[in-house]
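Asker:
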Amino acid sequence: MNHTLATDAPEAEVLRVSRRFTHVRCPYCSREHKHVVLAPGAQRFAPACGMHLNPDDRARGYVFTTGKETS
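Count the sequence shown with our numbering and you get residues 256 to 326, in order.
(1) Would Phe-276 be called buried (16 or more neighbouring beta carbons within 10 Å of its own) or exposed?
(2) What residue does the beta strand (DSSP E) around Arg-271 start on, and which one ends it?
(3) For the beta strand (DSSP E) that Arg-299 lies in, which residues bound it at each end?
(4) State the DSSP-derived secondary structure class of Arg-286, mapped to helix, strand or coil.
(5) Note down, in chain order, each residue of its chain lying with its Cβ closer than 7 Å to the Cβ of Val-269, except the 5 sequence neighbours on either side.
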């Protein structure tokens, strides 16, 4: 499966993967956020700090990659 991600979305740093949870450093607030990831590869999420962001940044979200890309 190939994912098409917004090219203008900033990339979050993956801090650690614990079972199905991926912990990332948010490019917007620099704090750690935790996401459930069901399949490896490219990911796009809305930031957990979204209530404090402008609507454009909330919609843009951020991207990160886990494990191997699947095709």
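Note that beta-carbon positions come from the ideal geometry of N, C-alpha and C, so glycine has one too.
Answerer: In brief:
(1) Exposed, by the Cβ-count rule.
(2) Its beta strand (DSSP E) spans residues 268 to 273.
(3) First-last of the beta strand (DSSP E) with Arg-299: 296 to 300.
(4) Residue state for Arg-286 is assigned as coil, using DSSP reduced to three classes.
(5) Thr-277, Val-279, Phe-319, Thr-321, listed in sequence order.
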